[in-house]
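All remarks here apply to the structure that follows.
Okay, here's the thing in structure tokens:
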């Protein structure tokens, strides 16, 4: 009879045979033709090469290995494309291969299981939401109807800068431009301004900013396969807390909009985006039923941290999944930039009078230090812009 040592020996022989067979089979089939790749480390892949500012580290890798690189973040394979020719090949000629978004545990939870448009899989829901955005929510008709909102907020922005100039005070341009953006988005979405006061719109923006921070945090569960079902970094409790607060606030705002409509209040005013979403969710003949989660996730998307025919610069993405908010941005940004340049001269605040252009990591290219300048009125701003 065989004893325990014999069984162990047979098991080891079987294991070695399987490993050799798999190795031979892989070599016989040949390796796939992959782009060049730096040497990876076990478990973490190429994470050690990313450094504190990933986009700068990726630029160095592209300079060394070429415009197309294959690398791993943990156990997740990634492809780095760093030339506009290859970007065109990816986003235009092979667009359908890249239409889905990667699964990210934090964002998946915050967006109610990808009930939003930004993270939803490419399919019927996403197509309906995109069509809805382009035709109703952010279409030409809605943007034209909400033009007075944008004009009023831009006038308010100019007035603040003018008052600072007359008082000889410095302006944190990043803060003021972010406040302008949030006020425009809040009024178009919810019919309320974000301001320094603790109102609902400001609270929504504050909570979503917190959600954005959590949603983009490095999560081991996303990147290392054996951590998939573990919460080693303690995110679950924080995610639940912030989404619960967002839920309570959004339910209150949605109820207010429904009550106002029921009572006939504001019947003569232009509908904001939330009103349009509520109408569609209650429309029995709608192409697809929008749930409460879809509405809340969509509102969240608009606050989170650009049309892509020119593949040398893709600020809004490109192709079918390009940002539907590009039309709004292209109406606001050139106007604001023109105001800032045409109506004011600017002096950098500080001893040396130079602008610090250091960068910090983020989903977009962020400044490491605030841009603080002193405006000087050059032309009196027009009363109506």
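Numbering (my numbering), first residue to last: 173 to 557. We put the CB at the ideal spot given by N, CA and C, even for glycine. Please read all numbers here as calculations on a predicted model, not as lab measurements.
Query: Given 8 angstroms as the limit, is there contact between the region 540 to 555 and the region 515 to 528, that is, 3 or more CB pairs closer than that?; Result: yes
Query: Under 9 angstroms between the Cβ atoms of residue 418 and residue 376?; Result: yes
Query: Straight-line CA distance for residue 231 to residue 272?; Result: 25 angstroms
Query: Does the distance from the CB of residue 274 to the CB of residue 241 come in under 9 angstroms?; Result: no
Query: Can you check whether the CB of residue 301 is closer than 9 angstroms to the CB of residue 289?; Result: yes
Query: Helix, strand or coil: which one does DSSP assign to residue 187?; Result: helix
Query: For my contact list, residue 445 and residue 360 are in at a C-beta cut-off of 8 angstroms; report their separation, rounded to the angstrom.; Result: 6 angstroms
Query: Work out the CA separation of residue 492 and residue 483 for me, nearest whole Å.; Result: Low confidence applies to residue 483: its pLDDT is 41, below 50, so where it sits in the model is not reliable enough to give any reading.
Query: From 239, 423, 246, 299, pick the residue whose C-alpha is nearest to that of residue 221; which is it?; Result: 246
Query: Using a Cβ-Cβ cut-off of 8 angstroms (strictly less than) and excluding sequence neighbours within five positions of residue 557, which residues of its own chain qualify?; Result: Here the model assigns residue 557 a pLDDT of 43, short of 50, so the residue's position is not dependable, and the following value carries that caveat. Only 323, 326, 327, 330, 507, 511 meet the Cβ criterion.
Query: May I ask you to report which of helix, strand or coil DSSP gives residue 242?; Result: strand
Query: Look at the Cβ atom of residue 386, then the Cβ atom of residue 414, and state whether they are nearer than 9 angstroms.; Result: yes
Query: Indicate whether residue 449 and residue 470 have their beta-carbon atoms separated by less than 9 angstroms.; Result: yes
Query: Mind listing, in chain order, the continuous alpha helix (DSSP H) runs of no fewer than 4 residues lying wholly within the region 276 to 307?; Result: 277 to 282, 296 to 304
Query: Does residue 448 come out as helix, strand or coil in the three-state DSSP assignment?; Result: helix
Query: Return the chain-ordered list of same chain residues with a C-beta closer than 7 angstroms to the C-beta of residue 500, the five sequence neighbours on each side being excluded.; Result: 310, 315
Query: Thinking just about the alpha-carbon of each residue, which of 251, 390, 188 is nearest to the one in residue 237?; Result: 251
Query: Quick one: what does DSSP say residue 539 is sitting in, helix, strand or coil?; Result: strand
Query: Along the chain, where does the beta strand (DSSP E) that runs through residue 253 open and close?; Result: 248 to 253
Query: Only counting runs of 4 or more residues, tell me where the alpha helix (DSSP H) segments fall wholly within the region 320 to 404, in order along the chain.; Result: 345 to 362, 372 to 387, 392 to 395
Query: Helix, strand or coil for residue 419? Go by DSSP, reduced to three states.; Result: helix
Query: DSSP state of residue 461, grouped into three classes?; Result: coil
Query: Three-state secondary structure (DSSP) at residue 548?; Result: strand
Query: Give the secondary structure of residue 497 by DSSP, where H, G and I count as helix, E and B as strand, and everything else as coil.; Result: coil
Query: The beta strand (DSSP E) that contains residue 517, what's its start and end?; Result: 516 to 520
Query: Suppose contacts are defined by Cβ-Cβ distances below 9 angstroms. Is residue 304 in contact with residue 452 by that definition?; Result: yes
Query: Classify residue 227: buried if its beta carbon has 16 or more other beta carbons within 10 angstroms, exposed otherwise.; Result: exposed
Query: Considering only DSSP beta bridges, list what residue 217 is partnered with.; Result: 213, 245
Query: Alpha carbons only, please: which of 467, 214, 332 is nearest the one belonging to residue 553?; Result: 332
Query: Between which residues of its own chain and residue 234 is the CB-CB distance below 6 angstroms, once the five residues before and five after are set aside?; Result: 254
Query: Please classify residue 454: does DSSP put it in a helix, a strand, or coil?; Result: coil
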